[in-house]
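Participant: Residue numbers (the numbering used here): 1463 to 1563. Even for Gly, the Cβ is constructed at its ideal location relative to N, Cα and C. No experiment lies behind these values; they were computed from the predicted model shown. Here it is, the structure, as structure tokens.
Next up, the structure:
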């Protein structure tokens, strides 16, 4: 492994469709960056988006069984985009969370 200013790096081999590679070449020529840098940025962007994805985060929760996670995901996939948007956000003070007896 090599080290650079971002930390350790490791080389990988990557095969892509010829048409996709041609599109990448057009973009890197226009932006005057290397193909390697473009692919690196694209991978970093995809990793960040995946890690921020609700379904991915749900699968990372330890206290749900795989069956429960799959059941929740199945139900969530039936919802429309509007159903998944935050309709109203309410912040409750901690003392309101405990019911008095």
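1) With distance defined between alpha-carbon atoms, name the residue in 1488, 1498, 1469 nearest to residue 1475.
2) Going by C-alpha to C-alpha distance, which of 1487, 1549, 1514, 1502 sits closest to residue 1473?
3) Taking Cβ positions, are residue 1500 and residue 1509 nearer each other than 9 Å?
4) To the nearest angstrom, how far is it from the Cα of residue 1514 to the Cα of residue 1523?
5) Which parts of the stretch 1520 to 1550 are runs of the alpha helix (DSSP H), unbroken and 4 residues or longer, counting only runs that do not cross its ends?
6) Helix or strand or just coil, what does DSSP make of residue 1502?
7) Would you kindly work out how many angstroms separate the C-alpha atoms of residue 1478 and residue 1494, rounded to a whole number?
Facilitator: The relevant details are as follows:
1) In the chain shown, the residue the question calls residue 1475 occupies position 13. Checked all of 1488, 1498, 1469; the closest Cα to residue 1475 is 1498.
2) Counting from 1 along the chain shown, the entry for residue 1473 is found at position 11. If we check each option's Cα against that of residue 1473, 1502 comes out closest.
3) The residue given as residue 1500 occupies position 38 in the chain shown. The residue given as residue 1509 occupies position 47 in the chain shown. No, they are not a contact pair.
4) As a position in the chain shown, residue 1514 is number 52, starting the count at 1. As a position in the chain shown, residue 1523 is number 61, starting the count at 1. Their backbone Cα atoms lie some 14 Å apart in a straight line.
5) For the stretch 1520 to 1550, whole alpha helix (DSSP H) runs of length 4 or above, ordered along the chain, are 1528 to 1539, 1543 to 1546.
6) As a working mapping, residue 1502 is identified with position 40 in the chain shown. Helix at residue 1502.
7) What you label residue 1478 is simply residue 16 of the chain shown in a count that begins at 1. What you label residue 1494 is simply residue 32 of the chain shown in a count that begins at 1. Distance from the CA of residue 1478 to the CA of residue 1494, rounded to the nearest whole angstrom, comes to 21 Å.
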